[in-house]
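Taking it in order: structure first as structure tokens, then the write-up.
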Amino acid sequence: MTTTPYVMYNFPGCPFSERVEILLDLKGLRHLYADHPLDLSQPRPQWLLDKTGGSAQLPALDTPQGVLRESEVIMRYLDATHGEVPIARADPYEHAIECLFAALSGALSVAGYTLLKSQDPARRDELVAALDQRFAALDAYLLRNAAGADFLFDRFGWAEAMMVPTLKRLWCAEYYEGYAIPQSFARLHRWRDAALAHPAAQLHSREEIVKLYFDYSRNAGSGALVAGRTVSSFALEPHWSTRPWPPHDKRAIASDSDLGLLP
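Count the sequence shown with my numbering and you get residues 724 to 986, in order.
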């Protein structure tokens, strides 16, 4: 195994980057990994575009053989090249089951972000119902396929690494929209509680994600600026830990100063 550090270029709070970070922790590869966060609100630097062949998409992993992109591609590379025991299930059918579960994260993310970014209070009930449906699909899938007491299988694995970052971003729907997963989805709650409590899921906190995603809740994604503001909530500085919690009411007027975004 090479001792040359891998460098991952990413945005702060990026769920796709966190997927890779979780897998690195599960495989004990943190000592080979160096994090290089980039400011989402700024253009990609030319040196990075040179590395990625002109692609602005992140995360990107700089390996001894070259640069890889796409979180799932990076995860499969690391899983195949490091450690005796893979995180993905060795049995082909079991791996298909965990991949199908992970694939549900796409629709879940769309429903959650649509609720989070909506500026129309009249649509809230409709959007909450749509997100409820996506969580209902997760609950039903676990009831049909989960072989483990808590996780999908006997341990926190590929499915959890792929899904947990999406679940964590939906903390923002809880904070800014008062959303709560229906208690009737008991199997989902058991899985979610176990997955979020796992040591590999602790790198990015609820506080960090909620603070970074404030502008997203105002429908200003990808580092775009909210009207009347000069600094994105996704900015690297000032560090999120020095900022106050944003208002729960995402429609409230909040200045750069109110959000702790000024030096």
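Ideal Cβ positions, reconstructed from N, Cα and C, are used throughout, including at glycine.
For clarity, every value in this text was computed on a predicted model and none was experimentally measured.
C-alpha gap between L823 and N733, whole angstroms = Numbered from 1 along the sequence shown, position 100 holds the residue referred to as residue 823. Numbered from 1 along the sequence shown, position 10 holds the residue referred to as residue 733. The C-alpha of N733 is placed about 26 Å away from the C-alpha of L823.
What's the C-alpha gap between E849 and H971?
-> Position 126 of the sequence shown, counted from the first residue, corresponds to residue 849. Position 248 of the sequence shown, counted from the first residue, corresponds to residue 971. It is roughly 20 Å from the alpha-carbon of E849 to the alpha-carbon of H971.
State the DSSP-derived secondary structure class of R792, mapped to helix, strand or coil.
-> Numbered from 1 along the sequence shown, position 69 holds the residue referred to as residue 792. R792: strand per DSSP, three-state reduction.
Buried or exposed: where does I976 fall if 16 or more other Cβ atoms within 10 Å of its Cβ makes it buried?
-> In the sequence shown, the residue the question calls residue 976 occupies position 253. Only exposed fits I976, as fewer than 16 other CB atoms lie within 10 angstroms of its CB.
To the nearest angstrom, how far is it from the Cα of A783 to the Cα of T775?
-> To locate residue 783, count along the sequence shown from 1; it is residue 60. To locate residue 775, count along the sequence shown from 1; it is residue 52. Each residue's alpha carbon lies about 8 Å from the other.
Leaving out the 5 sequence neighbours to the left and right, which residues in its chain are closer than 6 Å to H805 when beta-carbon positions are compared?
-> As a working mapping, residue 805 is identified with position 82 in the sequence shown. Same-chain partners within the cutoff: K750 and L752.
Between which two residues does the beta strand (DSSP E) carrying V743 extend?
-> Taking the sequence shown and counting its residues from 1, the one referred to as residue 743 is at position 20. Run containing V743: none in the beta strand (DSSP E); it sits in the alpha helix (DSSP H), P738 to L749.
Which runs of the alpha helix (DSSP H), 4 residues or longer, sit entirely within the segment 808 to 839?
-> Runs of the alpha helix (DSSP H) inside the segment 808 to 839: 815 to 826.
Would you give the residue range spanned by the alpha helix (DSSP H) that D785 belongs to?
-> Along the sequence shown, one-based indexing puts residue 785 at 62. Premise fails: D785 lies in the beta strand (DSSP E), A783 to T786, not in any alpha helix (DSSP H).
Going by C-alpha distance, which of Q765, E744 and V730 is nearest E960?
-> Working through the sequence shown from its first residue, we reach residue 960 at position 237. E960 has its Cα closest to that of Q765, out of Q765, E744 and V730.
Between the segment 834 to 845 and the segment 932 to 942, do three or more beta carbon pairs fall short of 8 Å?
-> Taking a cut-off of 8 Å for Cβ pairs, the segment 834 to 845 and the segment 932 to 942 touch, as three or more such pairs fall below it.
Buried versus exposed, by CB contacts within 10 Å (16 or more), W894 = Within the sequence shown, residue 894 is the residue found at index 171, counting from 1. Around the CB of W894, 16 or more other CB atoms lie within 10 Å, so the residue is classed as buried.
Is the segment 894 to 914 close to the segment 855 to 868, with three or more CB pairs under 8 Å?
-> The segment 894 to 914, when compared against the segment 855 to 868, does touch it at the 8 Å Cβ threshold.
Closest Cα partner of I820 within the set P768, D785, F876 and E744 = As a working note, residue 820 is residue 97 in the sequence shown. Ranking P768, D785, F876 and E744 by Cα distance to I820 puts F876 first.
Using beta-carbon positions only, say whether E741 and P922 come within less than 8 Å of one another.
-> Here residue 741 is taken as the residue at index 18 of the sequence shown, counted from 1. Here residue 922 is taken as the residue at index 199 of the sequence shown, counted from 1. Taking 8 Å as the Cβ cut-off, E741 and P922 do not qualify as a contacting pair.
Alpha-carbon to alpha-carbon, F858 and L911 = Taking the first residue of the sequence shown as 1, we reach residue 911 at position 188. Taking the first residue of the sequence shown as 1, we reach residue 858 at position 135. Note on geometry: alpha-carbon atoms of L911 and F858 lie some 8 Å from one another.
Put T725 into one of helix, strand or coil per three-state DSSP.
-> Here the question's residue 725 lines up with position 2 in the sequence shown. Low confidence applies to T725: its pLDDT is 44, below 50, so where it sits in the model is not reliable, and the reading given next is rough at best. Three-state result, T725: coil.
Taking the alpha-carbon positions, what's the A958 to Y816 distance?
-> By one-based count along the sequence shown, residue 958 stands at place 235. By one-based count along the sequence shown, residue 816 stands at place 93. Cα to Cα, A958 sits roughly 42 Å from Y816.
In whole angstroms, what is the alpha-carbon distance linking L831 and L935?
-> Position 108 of the sequence shown holds residue 831. Position 212 of the sequence shown holds residue 935. So the alpha carbons of these two residues sit roughly 20 Å apart.
In angstroms with no decimal places, state the Cα-to-Cα distance between L755 and K891.
-> Numbered from its first residue, the sequence shown carries residue 755 at position 32. Numbered from its first residue, the sequence shown carries residue 891 at position 168. A straight-line Cα-Cα distance of about 25 Å links L755 and K891.
N-terminal and C-terminal residue of the alpha helix (DSSP H) that Y864 is part of = Walking along the sequence shown from the start, residue 864 turns up at place 141. For Y864, the enclosing alpha helix (DSSP H) covers residues R847 to N868.
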